[in-house]
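Student:
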Ligand code: AMP
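Numbering (this note's numbering), first residue to last: 205 to 500.
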């Protein structure tokens, strides 16, 4: 091969990880990588960002391009939206769901429209910025629609006379209702994912496994809280039964006679129901703490 005189990303043995440079996934992706222990400094406009404490290099690019970069081996791994894997038709392995960037691909129509469900879209015009996932999701439910391809502000299409309905990504639904649209059905669910191809990577495969483990630990920790409470010894069995812990809770002796402490990591969604029940079962001095990592 002709010598070009410039360095190719990853040629020095570093694991190259593509990360969204802009849009909704950019900031949470970088925060997750930092929380997983990678140290890096973002330059003003630098696209290649070497980590200072690990043989990893971040490549900041459009999330849309990341599935194909990973598929083609341009980078070793990447963070992107699951919907974008479907949209680009890329063959990549999803290593981990990252728990942010959650959204659904939804069909919506003007409030006053007579259309009620996705089946009603058969034979009609549907505006979308996600033609591939829209087409395949509609086909799966036996609906043939004429797609009107737009690159943004899809919600405006029905009122401009361009389409009968829109199919777009929604996270809170506020954009749809602010534009006088009513949702009539969900076609796809998505969240941010780590993608890669461990088997093909040789020595870099081990690095990718480590990255995956570190991210998995942070994602698992974000879903849990560490609960500590004190209780009279005779009520500990009752309290233990209430705790939906990752494993049996730790029971710790306290200096005060007849009192024990219980420690357990519990699902964050359980806390609302759990605290009053624990209190009613004799718990006191209840502490709820964030966890940094959970590595089973
Ligand atoms: P963007 O902010 O347009 O760069 O969106 C990039 C990715 O963010 C999308 O492909 C989805 O995976 C994800 N996403 C999460 N929530 C939304 C939303 N409400 N609208 C569009 N994309 C979203």
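C-beta atoms are modelled at their ideal positions from N, C-alpha and C, and glycine is treated no differently.
Source: prediction; values computed, not measured.
1. From the DSSP secondary-structure annotation, give me the bridge partner or partners of residue 494.
2. Alpha carbons only, please: which of 427, 417, 410 and 464 is nearest the one belonging to residue 436?
3. Would the region 215 to 222 count as touching the region 383 to 393 if we require 3 or more Cβ pairs under 8 Å?
4. Which of the three DSSP states, helix, strand or coil, is assigned to residue 460?
5. Specify the secondary structure class of residue 414 as computed by DSSP and reduced to three states.
6. List the residues that DSSP assigns as beta-bridge partners of residue 488.
7. Output yes or no for whether 8 Å exceeds the beta carbon distance between residue 290 and residue 233.
8. What would DSSP say about residue 245, mapped onto helix, strand or coil?
9. For the ligand AMP, is there a heavy atom less than 7 Å away from the beta-carbon of residue 327?
10. Can you name the start and end residues of the alpha helix (DSSP H) that residue 251 belongs to?
11. Considering only the alpha carbon of each residue, which of 343, 334, 287 and 283 lies closest to residue 394?
12. Any heavy atom of the ligand AMP closer than 7 Å to the Cβ of residue 394?
13. Please report the straight-line C-alpha distance between residue 458 and residue 483, rounded to a whole angstrom.
14. Whose C-beta lies closer than 6 Å to the C-beta of residue 352 among residues of the same chain, with five residues either side of it excluded?
15. At a threshold of 7 Å, does residue 267 count as lining the ligand AMP (C-beta to nearest heavy atom)?
16. Looking only at its own chain, which residues have a Cβ that is under 8 Å from the Cβ of residue 474, when we skip the five neighbours before and after it?
17. If you run the structure through DSSP and keep just helix, strand and coil, what is residue 471?
18. Would you mind working out which of 446, 438 and 409 sits nearest residue 461, comparing C-alpha positions?
19. Below 6 Å CB to CB, which residues in the same chain sit around residue 265 once its five sequence neighbours on both sides are set aside?
Tutor: Short version:
1. In DSSP, residue 494 forms a bridge with 429.
2. For residue 436, the closest of 427, 417, 410 and 464 by C-alpha to C-alpha distance is 464.
3. Taking a cut-off of 8 Å for Cβ pairs, the region 215 to 222 and the region 383 to 393 do not touch, as fewer than three such pairs fall below it.
4. Coil, per DSSP.
5. Residue state for residue 414 is assigned as helix, using DSSP reduced to three classes.
6. 434.
7. Annotated as distal: residue 290 and residue 233, with beta-carbon spacing of 8 Å or more.
8. Three-state DSSP puts residue 245 in coil, outside helix and strand.
9. False, no ligand heavy atom lies under 7 Å from that Cβ.
10. Counting along the chain, residue 251 sits inside no alpha helix (DSSP H), nor does DSSP assign it H or E at all.
11. Nearest of 343, 334, 287 and 283 to residue 394, Cα basis: 287.
12. At a threshold of 7 Å, residue 394 counts as near the ligand AMP, since its beta carbon sits closer than that to one of the ligand's heavy atoms.
13. Residue 458 and residue 483: Cα-Cα distance of roughly 19 Å.
14. Excluding positions up to five away in sequence, the list reads 329, 331, 366 and 367.
15. For the ligand AMP, a non-hydrogen atom lies closer than 7 Å to the CB of residue 267.
16. Around residue 474: 448.
17. Residue 471 falls in the strand class under three-state DSSP.
18. Nearest option by C-alpha distance: 438.
19. Here the set comprises 222 and 225.
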